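Read through the structure below, which is laid out as structure tokens, and then see the notes.
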Amino acid sequence: MNILLIEDQQRVADFIRMGLGAEGWSVDHVLNGEVGLNRAEATSYDVILLDLMLPSIQGQDVCRMLRSRGITTPILMLSALDAPEEKVEGLRLGADDYLTKPFNFDELIARIEALFRRAKGYALQESAPLIELGAISFDRGSMRVTLDGVEVALSKKERDLLYFFMSNIGRVMSRERILNAVWGVNTDPMTNVVDVYIGRLRRKLGSEGGRIVTLRNVGYRMS
Amino acid sequence: MRSTTFTRLNAAVILIIVLGLGTVSISGLYAARWWDDRVRLSNKSYHEHLLLENNLFRLFKRYEDGLLIGESVSGVDVRALETAIDENIANIRAIIEAEIALVGEEELEEIAFLDRMETEIDMVVTRLATLATTETDQDRKSQLIEVLARRIEGRLADLFAEALAEEIEEMEETEVAAAAFRRQSLMLSVVFLATAIACLVASFVQYNRMIRLPLSRLTTYLGTLREGNYSKPTQLGGATEFQELEEVMSKMATTLAEREATREEQRAELARRVDLRTAELQVMINRLELGEDNRKRLLADISHELRTPLTIILGEAEVALRRGDKLPPHSADALARIRDSALHTNQIVDDLLTIARQEAGALRLDRQQIDLRQLLQDAAEMFPHDIQLTLPDDVSMAPVDAVRLRQAILAIFQNAQRYGGSTITAKLYHAQTGYQIAVEDDGPGMPESERLRAFERFYRGTNAGDPGIDGTGLGLPVVQSIVQAHGGSVALDPAALGGLRVTLTLPRGPLKPAADAPAPVRQA
Numbered sequence: 002m003n004i005l006l007i008e009d010q011q012r013v014a015d016f017i018r019m020g021l022g023a024e025g026w027s028v029d030h031v032l033n034g035e036v037g038l039n040r041a042e043a044t045s046y047d048v049i050l051l052d053l054m055l056p057s058i059q060g061q062d063v064c065r066m067l068r069s070r071g072i073t074t075p076i077l078m079l080s081a082l083d084a085p086e087e088k089v090e091g092l093r094l095g096a097d098d099y100l101t102k103p104f105n106f107d108e109l110i111a112r113i114e115a116l117f118r119r120a121k122g123y124a125l126q127e128s129a130p131l132i133e134l135g136a137i138s139f140d141r142g143s144m145r146v147t148l149d150g151v152e153v154a155l156s157k158k159e160r161d162l163l164y165f166f167m168s169n170i171g172r173v174m175s176r177e178r179i180l181n182a183v184w185g186v187n188t189d190p191m192t193n194v195v196d197v198y199i200g201r202l203r204r205k206l207g208s209e210g211g212r213i214v215t216l217r218n219v220g221y222r223m224s
Numbered sequence: 002m003r004s005t006t007f008t009r010l011n012a013a014v015i016l017i018i019v020l021g022l023g024t025v026s027i028s029g030l031y032a033a034r035w036w037d038d039r040v041r042l043s044n045k046s047y048h049e050h051l052l053l054e055n056n057l058f059r060l061f062k063r064y065e066d067g068l069l070i071g072e073s074v075s076g077v078d079v080r081a082l083e084t085a086i087d088e089n090i091a092n093i094r095a096i097i098e099a100e101i102a103l104v105g106e107e108e109l110e111e112i113a114f115l116d117r118m119e120t121e122i123d124m125v126v127t128r129l130a131t132l133a134t135t136e137t138d139q140d141r142k143s144q145l146i147e148v149l150a151r152r153i154e155g156r157l158a159d160l161f162a163e164a165l166a167e168e169i170e171e172m173e174e175t176e177v178a179a180a181a182f183r184r185q186s187l188m189l190s191v192v193f194l195a196t197a198i199a200c201l202v203a204s205f206v207q208y209n210r211m212i213r214l215p216l217s218r219l220t221t222y223l224g225t226l227r228e229g230n231y232s233k234p235t236q237l238g239g240a241t242e243f244q245e246l247e248e249v250m251s252k253m254a255t256t257l258a259e260r261e262a263t264r265e266e267q268r269a270e271l272a273r274r275v276d277l278r279t280a281e282l283q284v285m286i287n288r289l290e291l292g293e294d295n296r297k298r299l300l301a302d303i304s305h306e307l308r309t310p311l312t313i314i315l316g317e318a319e320v321a322l323r324r325g326d327k328l329p330p331h332s333a334d335a336l337a338r339i340r341d342s343a344l345h346t347n348q349i350v351d352d353l354l355t356i357a358r359q360e361a362g363a364l365r366l367d368r369q370q371i372d373l374r375q376l377l378q379d380a381a382e383m384f385p386h387d388i389q390l391t392l393p394d395d396v397s398m399a400p401v402d403a404v405r406l407r408q409a410i411l412a413i414f415q416n417a418q419r420y421g422g423s424t425i426t427a428k429l430y431h432a433q434t435g436y437q438i439a440v441e442d443d444g445p446g447m448p449e450s451e452r453l454r455a456f457e458r459f460y461r462g463t464n465a466g467d468p469g470i471d472g473t474g475l476g477l478p479v480v481q482s483i484v485q486a487h488g489g490s491v492a493l494d495p496a497a498l499g500g501l502r503v504t505l506t507l508p509r510g511p512l513k514p515a516a517d518a519p520a521p522v523r524q525a
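As you go down the protein sequences, you meet chains A and B in turn. Each position in the first sequence, counted from 1, maps to that position plus 1 in my numbering. Each position in the second sequence, counted from 1, maps to that position plus 1 in my numbering.
Printed below as a string of structure tokens:
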């Protein structure tokens, strides 16, 4: 994947580049909007990461101009501004997604992937009616979970959590990412709720519970 | 002239006229009686004279007849006639005396006249008597009688005629005098009346000039004064009192005008000062507004400035941790702690921004109609600890920002778990003004002194323990900010269970969100 990063703060760009690079993606970094526009016109990218607070041209204008020049690459806006209007405005101008700083890196990766997949028109794994992993069977239609054919009683949140894991099999997910996806919340002190629920889920899955692996300091992974 | 003088003058004139007319009437009455008496006396005198004359002639005739016949004349009838004659004379005398009493000394000559007549009559009567008694012959007697007769018819008759004429003349004189007197009285009366009318007219004119016109002018003048027109001079005219009044009024007008001028000056001065003060206030307001704008910009700047380094810290730590298998465990732990601290710091920044925005009236809420029961249920489910929920059966819709309100409720749950006991209850009530959410725990609770300070930023109670990575000291302030931004309030009380009771009150209806309020709500 080729990513264009338009970000004026060098230090912010550094870790983004490093992190995305670790995923095997190539990142082009430019420091302002004008250069970014030229680069986007010249080269084809899979995703554009656009910081809103830029010198000279504002991020929103860059977005608008990218679109007006016929560039259809998905744009993910990054901003320290967390007001909902900014978000709505950004999306209205043609961006595809919006992420507030500071963000969870997993989240960034997940969203870039989602944008990429959407652009490429890949059928999402989520569209499959039945997801199976080992003895676990998740029926999306009836929302029933069975373990070796025996139904497991799960609360709604437990079910959402399991679904999230089964949609991201093999991927490492941080607690923040899980919290955001399942609970829709990003508050720091709440992340231990993830631990508690994962504990419950593991118990209910019995032998299959071991599939959910804890990665110290990083997060969880279902394999 | 003073009006009192004028009045007195009028009164005097009236008095004089009344007295005059009175005098004229009364004197007329008295005069009339006098004239009457006069005429009456004259009449009586005339009548008495006629009687006397008649008696005398009868006496003479008697004697004559007696003499001619040759009888002796004596007897009662003669004597009666003589007595009658004496009576007549006495009466006449009395009348004349009465006349003298009435008229005065002018009648004295009448007494003298009467005396003469009396003398004459006496003489005649004596001669007649003597003649009747003397012994003489008839012829001599008839000659003597003849002489007497001539005497009687001559002198006595003249006397009588004179007397009578005198009386008639007197009566006529009296008539004339009376008539003259009446005419005089009439004229006097007319004069008095004319004077009275003239005086009345004059008095009326004077009254008009002296009192009525000045009064109406005074009224007009007072009218102009009332309108605030102090400069017009006035001529009242009229009585002296009005002159005095005029002086007083013009002085008053001058004083009023001066006072008005002073007041105008003071008013102008006051207006100047007010304008000055208003201008100063406007400058202050502008500065405050500018300060407010600066503050808001500062908030935005801070948010940006702080978030960028936090992003870097967090980003670097996370990226490094993703290669956790290549890291020595100590480094991985360290990086994890760095990451957690960065998240914690970010939480504090978010909380501070929330509070600061709400104080500036700039906290934007994404309000939707939400069933609060659902909201509480979500929060309770989300929370790892057990929450005993008590929800009403009725639908509990309210225009709230679900994310923010849930954040507030979770913060309260967090506090209850951290500082309270193991049993946490949450109840939703329908209240008169809106809804109430009450969260209670069975822990040690919070003493009143702490409850008063609980909403201070970074204030942590006595049972807070280490201010470590867990609490920020901003939990309750953030809750208050969020709830107040919704137009509600938070209250802390002792719980029935023994711990702390936190009550959120939220308004029910479609309210103007507090974020739109122009004036910021300042917190203690």
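Yeah, the Cβ is synthetic: ideal placement off N, Cα and C, and Gly gets one too. Since this is a predicted model, take the numbers as computed values, not measurements.
Under the three-state reduction of DSSP, L79 of chain A is assigned to strand.
Close partners of P75 of chain A in chain B (Cβ separation under 9 Å) are lacking, with about 21 Å as the shortest Cβ gap.
A residue is called buried when at least 16 other Cβ atoms come within 10 angstroms of its Cβ; M253 of chain B does not meet this threshold and is exposed. Beta-bridge analysis with DSSP links K428 of chain B to B:T391, B:A439.
The beta carbon of E281 of chain B does not come within 8 Å of any beta carbon belonging to chain A, so the residue lies off that interface. In the same chain as L42 of chain B, and ignoring 5 residues on each side of it, the C-beta atoms closer than 8 Å to its own belong to I96, A99, E100, L103, in chain order.
Under the three-state reduction of DSSP output, D97 of chain A falls in the coil class, being neither helix nor strand.
Ranked by Cα distance from G29 of chain B, the options B:T5, B:M188, B:A13 are led by B:M188.
It is roughly 7 Å from the alpha-carbon of R308 of chain B to the alpha-carbon of N347 of chain B.
Counting C-beta atoms within 10 angstroms of its own C-beta, G220 of chain A has 16 or more neighbours from the protein chains shown and is therefore classed as buried. V40 of chain B places its beta carbon less than 8 Å from that of M172 of chain B.
At least one C-beta of chain B is nearer than 8 Å to the C-beta of W184 of chain A. Between the alpha carbons of R268 of chain B and L289 of chain B lies a gap of roughly 30 Å. When rounded, the separation of the alpha-carbon atoms in A180 of chain B and F193 of chain B is 20 Å.
Taking all protein chains shown into account, F459 of chain B has fewer than 16 neighbouring C-beta atoms within 10 Å of its C-beta and is therefore exposed.
From the beta-carbon of M2 of chain A, no residue of chain B is found nearer than 7 Å; the closest lies around 17 Å away. Below the 9 Å Cβ cutoff, chain A contributes Q10, R12, V13, M54, A81, K102, P103 as neighbours of T309 of chain B, in chain order.
Using a C-beta cut-off of 8 Å, the region 200-212 of chain A makes no contact with the region 154-168 of chain B, since fewer than three inter-stretch Cβ pairs fall below that distance. When Cβ pairs closer than 8 Å are counted between the two stretches, the region 423-431 of chain B is seen not to touch the region 475-486 of chain B, the count staying below three. A361 of chain B sits in coil when the DSSP states are folded into three classes, being neither helix nor strand. Counting the other Cβ atoms within 10 Å of the Cβ of S423 of chain B gives fewer than 16, which makes it exposed. Cβ atoms of A409 of chain B and R509 of chain B stay farther apart than 8 Å, at about 18 Å. Going by beta carbons, E441 of chain B and A403 of chain B fall outside the 8 Å limit. Scanning chain B for C-beta atoms nearer than 9 Å to the C-beta of A23 of chain A yields V320, R323, R324, reported in chain order. Interface with chain A (8 Å Cβ-Cβ cutoff): D334 of chain B is included. When the beta-carbon positions are compared, A23 of chain A and V320 of chain B come within less than 8 Å of each other.
Within chain B, E382, M383 have C-beta atoms less than 9 Å from the C-beta of K158 of chain A, given in sequence order. Interface criterion met: the Cβ of N347 of chain B is under 8 Å from a Cβ in chain A. Looking at A:F166, A:P103, A:V214, the one whose alpha-carbon comes closest to that of H345 of chain B is A:P103.
Per DSSP, the unbroken alpha helix (DSSP H) holding L82 of chain B starts and ends at 77-103.
Within chain B, G316, V320 have C-beta atoms less than 9 Å from the C-beta of I17 of chain A, given in sequence order. Rounded to whole angstroms, I371 of chain B and E86 of chain A show a C-alpha spacing of 20 Å. In the displayed model, N11 of chain B falls within a helix according to three-state DSSP.
Beta bridge pairing from DSSP links P495 of chain B with B:L501. Contact annotation, S204 of chain B with N11 of chain B: C-beta distance approximately 5 Å; criterion of less than 8 Å satisfied.
Put simply, the CB of R217 of chain A is near chain B, with a gap under 8 Å to one of its CB atoms.
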